[in-house]
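In order, the protein sequence lines correspond to chains A and B.
Every letter in the first sequence is one number past the one before it in this note's numbering, and letter 54, counting from 1, is 599.
Every letter in the second sequence is one number past the one before it in this note's numbering, and letter 93, counting from 1, is 638.
C-beta atoms are modelled at their ideal positions from N, C-alpha and C, and glycine is treated no differently.
2 protein chains.
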Amino acid sequence: MDDIIVKPYEGHAMRVTKEVAAQNRRKILETATQLFKARGIDNVSVADLTKAAGFTHGGFYNHFESKADLAIETIRYAFEQSLSEISGEGATTTGDLIPMAERLANYLSPEHRDEPTGGCPTGSLPVDVGRQAAGAQRAFADGLERYVGLIEGVFSPSARRKREAAIATLSTLVGAIILSRAVRDGHPGLSDEILRAARVGREGRYAET
Amino acid sequence: MDDIIVKPYEGHAMRVTKEVAAQNRRKILETATQLFKARGIDNVSVADLTKAAGFTHGGFYNHFESKADLAIETIRYAFEQSLSEISGEGATTTGDLIPMAERLANYLSPEHRDEPTGGCPTGSLPVDVGRQAAGAQRAFADGLERYVGLIEGVFSPSARRKREAAIATLSTLVGAIILSRAVRDGHPGLSDEILRAARVGREGRYAET
DNA sequence: TGTACATCAGTGAACGCGCGTTCACTGATGTAC
DNA sequence: TGTACATCAGTGAACGCGCGTTCACTGATGTAC
Chain A
546 MDDIIVKPYE
556 GHAMRVTKEV
566 AAQNRRKILE
576 TATQLFKARG
586 IDNVSVADLT
596 KAAGFTHGGF
606 YNHFESKADL
616 AIETIRYAFE
626 QSLSEISGEG
636 ATTTGDLIPM
646 AERLANYLSP
656 EHRDEPTGGC
666 PTGSLPVDVG
676 RQAAGAQRAF
686 ADGLERYVGL
696 IEGVFSPSAR
706 RKREAAIATL
716 STLVGAIILS
726 RAVRDGHPGL
736 SDEILRAARV
746 GREGRYAET
Chain B
546 MDDIIVKPYE
556 GHAMRVTKEV
566 AAQNRRKILE
576 TATQLFKARG
586 IDNVSVADLT
596 KAAGFTHGGF
606 YNHFESKADL
616 AIETIRYAFE
626 QSLSEISGEG
636 ATTTGDLIPM
646 AERLANYLSP
656 EHRDEPTGGC
666 PTGSLPVDVG
676 RQAAGAQRAF
686 ADGLERYVGL
696 IEGVFSPSAR
706 RKREAAIATL
716 STLVGAIILS
726 RAVRDGHPGL
736 SDEILRAARV
746 GREGRYAET
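Right under this line is the structure:
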């Protein structure tokens, strides 16, 4: 009556439907996307991650070969998600000036700076990716290419060196958000100023060159 | 004769001159600057660091309160060093167009991309700093301000919005080198292209606005 | 200047902790008949 | 369609390892006389 029964394997791990398993895998990927962008790949442990996704860490390896493997898949997933959000908001082909100006303003907004969780991977993952193996870097490069194409489509169709201009614009965006995040807690005034300056520095230049 | 004598505290730690101690402290700071820029603050352990500097890890805490404390001092040191190198190369005040164009080309060179060890902290530390406490962020902001001032001095003296333009330029530089490092091993062609595009995107603009 | 002793920079073992990964185990799902 | 059994997604304890930090100890330096 009074004795406490210790049950080994108390958390009865039952087998789960194929669909549920696929759903769980996706849940881990989704959670990884958010946490990696917010805290950096190396600063999120497998235990953190699976717990946030609602599981225990052991089952992680039923879905991914390793954390490095997850990183690659997460990079792909993050770009896929980010690009589909953008595409949903406006036209994606060419010359769509206003929506693009809005997108840039959005990228350089204090809200985006403060919420990398739901933000663009271009600004939150590059340094981490630079320390990953070539596979992860290739996945990141693929995502970058699609962003470059998107920005390119906004310069006037006759413009030459559109690709160059798009890459330079993307560099400005990424540099600005990274710098503004770097000093956000220590010098909020400068942080805001960086976002504004990068916005002004790029506005009205879409038809250039 | 045959018996092996085990000496506790075999590494006879002798006391050291005040000057030597100060020199050793500086050596740790110097080593931290190189390693933190190359591998990131979190990816360099105190043991790594002190070993690279030629010491054992225990003595580290005679010089620095904690690793976070070292990070702050390292940020200051890295900017000091980087700025003094630049100042040595050319005039620092105003209008010095050619040296500045050279400096930008240097910042965006494959050599700088591949050697963050001796490179500029603006491109290698910001993401790490964004995850540090406010003190480190303030030190980084101070360094950034000095870089902004330096770039500002290059726009034509009558130009308005010089500070904005300087911040936007710095953002482009930082974004480009970070992106090019992110894909260096996975997509070298794109990596080079990013550096070139950012260079072209900024050339000949110093007298603008 | 010479002597006696306290100081403290540097050593290396040890601390608790969290990491990525492995593993024995569970039991409903999925499958072969 | 119903039954018997193999599969495998999920659990949680355990693995070796490296982390930041602490500590007892050393002995030449620095200092008081």
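Among the options, whose alpha-carbon lies nearest the alpha-carbon of residue i?
{"i": "residue 699 (chain A)", "options": "A:592, A:625, A:644, A:677", "result": "A:644"}
{"i": "residue 734 (chain B)", "options": "A:615, A:683, A:718, A:714", "result": "A:683"}
{"i": "residue 728 (chain A)", "options": "B:675, B:740, B:688, B:702", "result": "B:675"}
{"i": "residue 724 (chain B)", "options": "A:587, A:664, A:687", "result": "A:687"}
{"i": "residue 570 (chain A)", "options": "A:599, A:613, A:588", "result": "A:599"}
{"i": "residue 626 (chain B)", "options": "B:680, B:576, B:718", "result": "B:576"}
{"i": "residue 579 (chain A)", "options": "A:611, A:566, A:594", "result": "A:594"}
{"i": "residue 622 (chain A)", "options": "A:667, A:653, A:597, A:587", "result": "A:667"}
{"i": "residue 741 (chain B)", "options": "A:730, A:736, A:713", "result": "A:713"}
{"i": "residue 629 (chain A)", "options": "A:597, A:610, A:664, A:615", "result": "A:664"}
{"i": "residue 607 (chain A)", "options": "A:673, A:560, A:702", "result": "A:560"}
{"i": "residue 746 (chain A)", "options": "B:706, B:653, B:656", "result": "B:706"}
{"i": "residue 604 (chain A)", "options": "A:567, A:722, A:584, A:624", "result": "A:567"}
{"i": "residue 736 (chain B)", "options": "B:660, B:563, B:655, B:602", "result": "B:655"}
{"i": "residue 619 (chain B)", "options": "B:670, B:739, B:597, B:596", "result": "B:670"}
{"i": "residue 711 (chain A)", "options": "B:601, B:738, B:651, B:715", "result": "B:738"}
{"i": "residue 614 (chain B)", "options": "B:653, B:677, B:650", "result": "B:677"}
How far does the alpha helix (DSSP H) with residue i in it extend, from its first residue to its last?
{"i": "residue 674 (chain B)", "result": "671–675"}
{"i": "residue 610 (chain B)", "result": "No alpha helix (DSSP H) holds residue 610 (chain B); DSSP gives it neither H nor E."}
{"i": "residue 725 (chain B)", "result": "707–727"}
{"i": "residue 659 (chain A)", "result": "655–659"}
{"i": "residue 565 (chain A)", "result": "563–584"}
{"i": "residue 560 (chain B)", "result": "Residue 560 (chain B) -> no alpha helix (DSSP H), and no H or E assigned at all."}
{"i": "residue 595 (chain B)", "result": "591–598"}
{"i": "residue 730 (chain B)", "result": "Counting along the chain, residue 730 (chain B) falls outside any alpha helix (DSSP H), and DSSP gives it neither H nor E."}
{"i": "residue 685 (chain A)", "result": "679–697"}
Should residue i be counted as a contact of the ligand GTP given a C-beta to heavy atom distance under 8 Å?
{"i": "residue 655 (chain B)", "result": "Inclusion of the ligand GTP in the displayed structure is not the case, the ligand content being empty and no account of it being possible."}
Is there at least one Cβ from chain A nearer than 9 Å to residue i's Cβ?
{"i": "residue 591 (chain B)", "result": "no"}
{"i": "residue 698 (chain B)", "result": "no"}
{"i": "residue 625 (chain B)", "result": "no"}
{"i": "residue 720 (chain B)", "result": "yes"}
{"i": "residue 701 (chain B)", "result": "no"}
{"i": "residue 689 (chain B)", "result": "yes"}
{"i": "residue 656 (chain B)", "result": "no"}
{"i": "residue 629 (chain B)", "result": "no"}
{"i": "residue 686 (chain B)", "result": "yes"}
{"i": "residue 741 (chain B)", "result": "yes"}
{"i": "residue 716 (chain B)", "result": "yes"}
{"i": "residue 640 (chain B)", "result": "Note that residue 640 (chain B) scores a pLDDT of 49, beneath 50, so its modelled location is shaky and nothing firm can be said."}
Under 8 Å by Cβ, that's how I've got residue i and residue j pegged, so tell me the actual separation to the nearest angstrom.
{"i": "residue 690 (chain B)", "j": "residue 708 (chain B)", "result": "Incorrect: roughly 10 Å between the Cβ atoms, too far for contact."}
{"i": "residue 658 (chain B)", "j": "residue 726 (chain B)", "result": "6 Å"}
{"i": "residue 717 (chain A)", "j": "residue 720 (chain B)", "result": "6 Å"}
{"i": "residue 582 (chain A)", "j": "residue 662 (chain A)", "result": "6 Å"}
{"i": "residue 586 (chain B)", "j": "residue 616 (chain B)", "result": "5 Å"}
{"i": "residue 679 (chain B)", "j": "residue 731 (chain A)", "result": "4 Å"}
{"i": "residue 672 (chain B)", "j": "residue 589 (chain A)", "result": "The pair is not a contact, with the Cβ atoms about 14 Å apart (cut-off 8 Å)."}
Could you tell me whether any Cβ in chain B is nearer than 9 Å to the Cβ of residue i?
{"i": "residue 746 (chain A)", "result": "yes"}
{"i": "residue 730 (chain A)", "result": "yes"}
{"i": "residue 708 (chain A)", "result": "yes"}
{"i": "residue 562 (chain A)", "result": "no"}
{"i": "residue 694 (chain A)", "result": "no"}
{"i": "residue 724 (chain A)", "result": "yes"}
{"i": "residue 637 (chain A)", "result": "For residue 637 (chain A), the pLDDT reaches just 47, beneath the cut-off of 50, and the residue's location in the model is therefore unreliable, although a value from the coordinates is still provided. It does not: the Cβ of residue 637 (chain A) has no partner Cβ on chain B nearer than 9 Å."}
{"i": "residue 651 (chain A)", "result": "no"}
{"i": "residue 737 (chain A)", "result": "no"}
{"i": "residue 646 (chain A)", "result": "no"}
{"i": "residue 704 (chain A)", "result": "no"}
Taking a Cβ distance cut-off of 9 Å, strictly less, list which residues of the region 660–682 of chain B are near chain A, in chain order.
667, 668, 669, 670, 671, 672, 673, 674, 675, 676, 677, 678, 679, 680, 681, 682
Which residues, in order along the region 564–583 of chain B, keep a beta-carbon less than 9 Å from a beta-carbon of chain A?
none
Using a Cβ-Cβ cut-off of less than 9 Å, list which residues of the region 590–624 of chain A approach chain B; keep chain order.
none
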